[in-house]
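Number of protein chains: 2
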Amino acid sequence: MFNLFSLKGGLNNVEGFFCDGVNVGMKVNDNGDGDVAFIRSDVPCDITARFTSNKFQAAPIKHYKKYPKNFKTNFILMNAKNANAMTGEKGIEDIDSIFKELKKHHNLENPIMSSTGVIGYRLNQEKITSAFSKFDYSAKNSDKTARSIMTTDRFKKELCFKIELDDGSSFTIAAICKGAGMINPAMATMLCFITTNADIPKADMEELLNEATEGSFNRISVDGDTSTNDTIMLLANKVSGAYNKEAFREALNKITFELAMMILKDGEGANKLVAFEVNGAVSEEEARKASIALSNSLLVKTALFGEDPNWGRIASTIGASGVECDDTKLTIHYDNLLIYSNEQRELDQEQEEKAYKVMKNSSFKVTCNLGLGDGSYTSYGCDLSYDYVKINAEYRT
Amino acid sequence: MFNLFSLKGGLNNVEGFFCDGVNVGMKVNDNGDGDVAFIRSDVPCDITARFTSNKFQAAPIKHYKKYPKNFKTNFILMNAKNANAMTGEKGIEDIDSIFKELKKHHNLENPIMSSTGVIGYRLNQEKITSAFSKFDYSAKNSDKTARSIMTTDRFKKELCFKIELDDGSSFTIAAICKGAGMINPAMATMLCFITTNADIPKADMEELLNEATEGSFNRISVDGDTSTNDTIMLLANKVSGAYNKEAFREALNKITFELAMMILKDGEGANKLVAFEVNGAVSEEEARKASIALSNSLLVKTALFGEDPNWGRIASTIGASGVECDDTKLTIHYDNLLIYSNEQRELDQEQEEKAYKVMKNSSFKVTCNLGLGDGSYTSYGCDLSYDYVKINAEYRT
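Chains as they are written, first to last, in the working numbering: chain A, 242 to 638; chain B, 242 to 638.
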């Protein structure tokens with residue numbers, strides 16, 4: 242057994258890790274947010290990462306993949322406003338020459354870069370390297386680091402948990418992340434950096450990060466797109482000497498799930514967070530297909546925004562998803578309210594009003610039971626508002 | 242050889258077919274549009290139809306499918322505002338009892354019903370049957386019929402072509418259709434009724450309607466959703482005695498393609514019509530996958546609305562579509578303007594301005610050459626505007 246506590250702040254709580262962010266003029270109106278940041282460790286860390294499934298992976302991801310398996314690193318450099326994607330070999334060379342400059346300021350072991358922003362432009366090396374004399378390399382400024390990787394995010398995202406084991410030992414796990422649009426189940430569009438001082442074996446890092454990603458970032462949808470830069474990294478410096486696999490699993494699942502919900506709440510122009518639970522499908526894969534079709538559907542998203550208890554769009558989306566289904570066996574609930582069944586196909590005035598009340602909430606659950614088997618899956622989506630269109634029509638300019 | 246002429250109007254031009262539409266109060270502010278309409282033929286017609294791939298097919302589709310193969314019909318009854326979908330067995334019984342009433346006004350042979358509108362409500366039989374004494378059964382009122390099936394459509398859609406064959410014989414083909422939202426390649430969300438007096442064999446009707454649908458309605462995307470009611474029907478009364486397969490193929494392909502473009506131009510809140518041509522893919526299926534990903538992508542659609550020459554979103558969407566691709570072999574053109582190639586990854590000011598000019602047009606073509614093989618496919622999409630969200634948030638109410 243173990244106890245898990247939430248700590249204020251984020252990366253600052255983990256011993257041996259340092260971080261800072263500064264503004265070098267890429268974000269012009271940054272409201273105090275930075276645009277270049279780092280996370281570093283006193284001792285070289287084990288690292289495991291998951292990247293976008295997009296075939297056009299950005300230069301920083303290609304750069305990462307050049308390191309040998311089981312490499313250790315002591316430095317991650319991050320920037321916003323420019324994704325360094327679709328920049329070809331030059332984009333990778335730019336990273337090397339940035340690190341050549343950074344070496345003059347700090348010792349580096351297999352440094353990693355991570356970028357987010359607009360696709361198709363080479364990094365402005367002059368601006369980025371100008372950060373190196375501004376950084377406080379012994380700072381533990383998680384707040385500024387988290388804010389420096391924000392793009393269309395409305396709020397910064399950081400979390401930390403402390404885990405106390407029965408033998409009195411303890412470890413900490415912390416994370417920052419960014420993400421607001423282009424969130425699709427197949428790796429959300431996001432950067433996420435998780436640090437821990439737990440003494441976790443490399444094999445467990447891989448296994449547990451895969452599991453945590455599948456249970457969190459792979460289940461959220463803002464607009465069904467998948468970017469060139471999606472990255473989630475777990476760094477372990479192991480200095481606490483403490484570890485318990487089940488405790489770490491729970492903490493990592495919790496931290497990634499909560500961050501995923503924060504991304505969804507920050508979905509571009511989003512006002513509502515909705516869980517789409519599909520059960521009774523003939524298989525888990527079919528449940529997943531239907532659930533993700535619901536969280537991606539424009540017609541469902543606009544009905545959520547309009548707070549219209551229009552279950553027809555839910556049913557139609559399930560029918561269009563290609564999964565096995567039967568309208569005489571289907572039931573649909575909004576939270577605990579039965580909205581559709583074979584026996585109750587039309588809502589009366591009272592039921593409409595009850596449904597409308599559920600939909601007024603800033604978060605609720607849509608449960609669709611297909612009544613055919615044991616397959617079950619839940620994904621998470623948000624509404625689509627005027628603001629989504631506005632943000633994305635104007636993003637680059 | 243043959244000559245193909247466009248005729249004014251629509252269904253009114255085809256001998257032996259009659260049609261009319263009336264308002265029975267389901268559309269409250271109908272601006273002169275009706276909400277119940279019919280198309281009938283003096284002689285029973287051969288009919289072939291294609292329906293939605295949605296698993297929850299609406300009651301009228303289930304009703305149609307109860308007829309034996311190769312049945313003939315002389316009557317199609319249509320209504321807007323109510324889809325008669327997800328209404329169970331009762332929804333089918335309602336159609337039978339509506340036809341029982343209609344029989345008192347007109348002789349019926351295997352009558353067909355076709356509905357569009359909100360899902361999940363039973364038809365108001367009293368209102369619909371009240372149309373039967375209002376119809377002019379000998380009218381050729383294509384305009385009113387086309388307007389009676391409109392839902393969120395901003396304009397009615399009707400077309401007619403006359404084909405003169407070399408031997409001096411001729412036939413006519415005409416169509417009305419509705420559709421504006423929920424348009425997805427996998428059968429657009431729409432109703433389409435095509436009539437002809439050509440002496441076309443039943444087997445050709447099947448073959449050519451499949452081909453025409455694949456080249457038109459299956460290539461357009463407004464929002465990637467697929468409804469419960471999508472229907473396209475071809476009726477042939479054969480009374481002209483004239484037929485030529487190639488001429489009919491060309492006329493049918495032309496009429497369905499032009500109607501598909503009309504649907505797209507009428508896409509909910511849409512201002513731009515964009516062709517997404519993908520070639521150089523390793524197979525036609527891969528080209529199709531990438532092309533449809535582009536016409537469905539929210540980020541591409543909002544960039545079109547914002548008139549932002551942001552090719553990064555085009556590239557990212559291709560990368561996310563799962564097709565084989567390589568950023569060193571890819572080229573992207575907007576009309577004839579090269580926007581991206583391995584050698585030209587960043588646009589200079591002059592190129593940006595040229596690209597911006599192309600995007601100001603109300604229609605243009607995005608061509609992506611993957612540089613890998615011979616696979617080619619074109620689909621058609623539109624932009625996503627504030628109005629799409631407004632229309633779909635408020636649709637039911």
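All residues carry an ideal CB built from backbone N, CA and C; glycine is no exception.
Do you know how far the Cα of I417(A) is from the Cα of M527(B)?
The displayed chain sequence assigns Glu, not Met, to residue 527(B). Roughly 37 Å between the two C-alpha positions.
Tell me whether the beta-carbon of S604(A) lies closer than 8 Å to the beta-carbon of K479(A).
no
Taking V523(A) as the reference, give the member of M354(A), V599(A), D615(A) with the closest Cα.
D615(A)
Amino acids of chain A, ordered along the chain, whose beta-carbon sits closer than 9 Å to that of C566(B):
K296, F297
Could you tell me whether the Cβ of I288(B) comes closer than 8 Å to any Cβ of chain A?
no
Starting from the beta carbon of T328(A), find every residue of chain B whose beta carbon is closer than 8 Å, and list them in chain order.
R586
Cβ distance (whole Å) where I555(A) is taken to contact V541(A) below 8 Å
6 Å
Consider the Cβ of T336(A): report whether some Cβ of chain B lies at a distance smaller than 8 Å.
Per the sequence shown, residue 336(A) should be read as Ile rather than Thr. With 8 Å as the cut-off, I336(A) does not count as an interface residue toward chain B.
Would a check of beta-carbon distances place R460(A) closer than 8 Å to chain B?
no
Starting from the beta carbon of N583(B), find every residue of chain A whose beta carbon is closer than 7 Å, and list them in chain order.
G329
Helix, strand or coil: how does DSSP classify H574(B) here?
strand
I'd like the span of the beta strand (DSSP E) that includes L476(A), first residue to last.
472 to 477
Cβ atoms of N470(A) and A299(A): under 8 Å apart, would you say?
yes
Hey, out of K398(A), L539(A), F259(A), G250(A), whose CA is closest to S468(B)'s CA?
L539(A)
What three-state label does DSSP hand P285(A) in the structure shown?
strand
Burial state of N382(A) (16 or more Cβ within 10 Å):
buried
So the candidates are E525(B), T293(B), W552(B); which of them puts its Cα closest to the Cα of N459(B)?
T293(B)
Buried or exposed: which applies to L274(A), given that a residue is buried once 16 or more other Cβ atoms fall within 10 Å of its Cβ?
The question names Leu, yet the displayed sequence has Asp at residue 274(A). When all chains shown are included, D274(A) counts as buried.
Taking 8 Å as the CB-CB limit, is I424(B) close to chain A?
Unreliable placement is indicated for I424(B), whose pLDDT of 43 sits below 50; the coordinate value is still reported in the next sentence. For I424(B), the answer is no, since every Cβ of chain A falls outside 8 Å of its Cβ.
Is G616(B) close to chain A? Criterion is C-beta to C-beta, closer than 8 Å.
no
Going by DSSP, what residues sit across from C401(A) in a beta bridge?
A415(A)
For the beta strand (DSSP E) containing T315(B), list its first residue and its last residue.
The sequence given here has Asn at residue 315(B), not Thr. Where N315(B) is concerned, the enclosing beta strand (DSSP E) stretches over 313 to 320.
Using 8 Å as the cut-off, can you tell me whether the stretch 251 to 264 of chain B makes contact with the stretch 360 to 379 of chain B, which would need three or more C-beta pairs spanning the two stretches below that distance?
yes
Do I414(B) and A492(B) have their CB atoms nearer than 8 Å?
yes
Go to R261(B), then tell me how far its beta strand (DSSP E) extends in each direction, as first and last residue.
Correcting the residue type first, residue 261(B) is Asp in the shown sequence and not Arg. Note, D261(B): beta strand (DSSP E), 258 to 263.
I'd like the span of the alpha helix (DSSP H) that includes G616(B), first residue to last.
Looking at the DSSP string, G616(B) is not in any alpha helix (DSSP H); the run it does join, the beta strand (DSSP E), is 616 to 623.
For the candidate residues G409(A), K419(A), K306(A), Y621(A), whose alpha-carbon lies nearest to that of L245(A)?
G409(A)
Could you please tell me which residues of the stretch 469 to 489 of chain A, in chain order, have their CB closer than 7 Å to any CB of chain B?
T469
According to DSSP, is Y627(B) helix, strand or coil?
helix
Looking only at its own chain, which residues have a Cβ that is under 7 Å from the Cβ of D624(B), when we skip the five neighbours before and after it?
A511, N512, K513, K542, L545, F546
Three-state class that DSSP yields for L449(A) in the structure shown:
helix
Inter-residue spacing [alpha-carbon to alpha-carbon] between G508(B) and T558(A)
19 Å
Identify the contact partners of T454(B) in chain A, using a Cβ-Cβ distance below 9 Å as the criterion.
Under the 9 Å cutoff, chain A gives no residues; its nearest Cβ is about 17 Å from T454(B).
Just reading off the alpha helix (DSSP H) that G521(A) is part of, what are its end residues?
No alpha helix (DSSP H) contains G521(A), which is instead part of the beta strand (DSSP E) from 514 to 522.
How long is the line joining the alpha carbons of S282(B) and A483(B), rounded to whole angstroms?
18 Å
So what's N254(A) in DSSP terms, helix, strand or just coil?
helix
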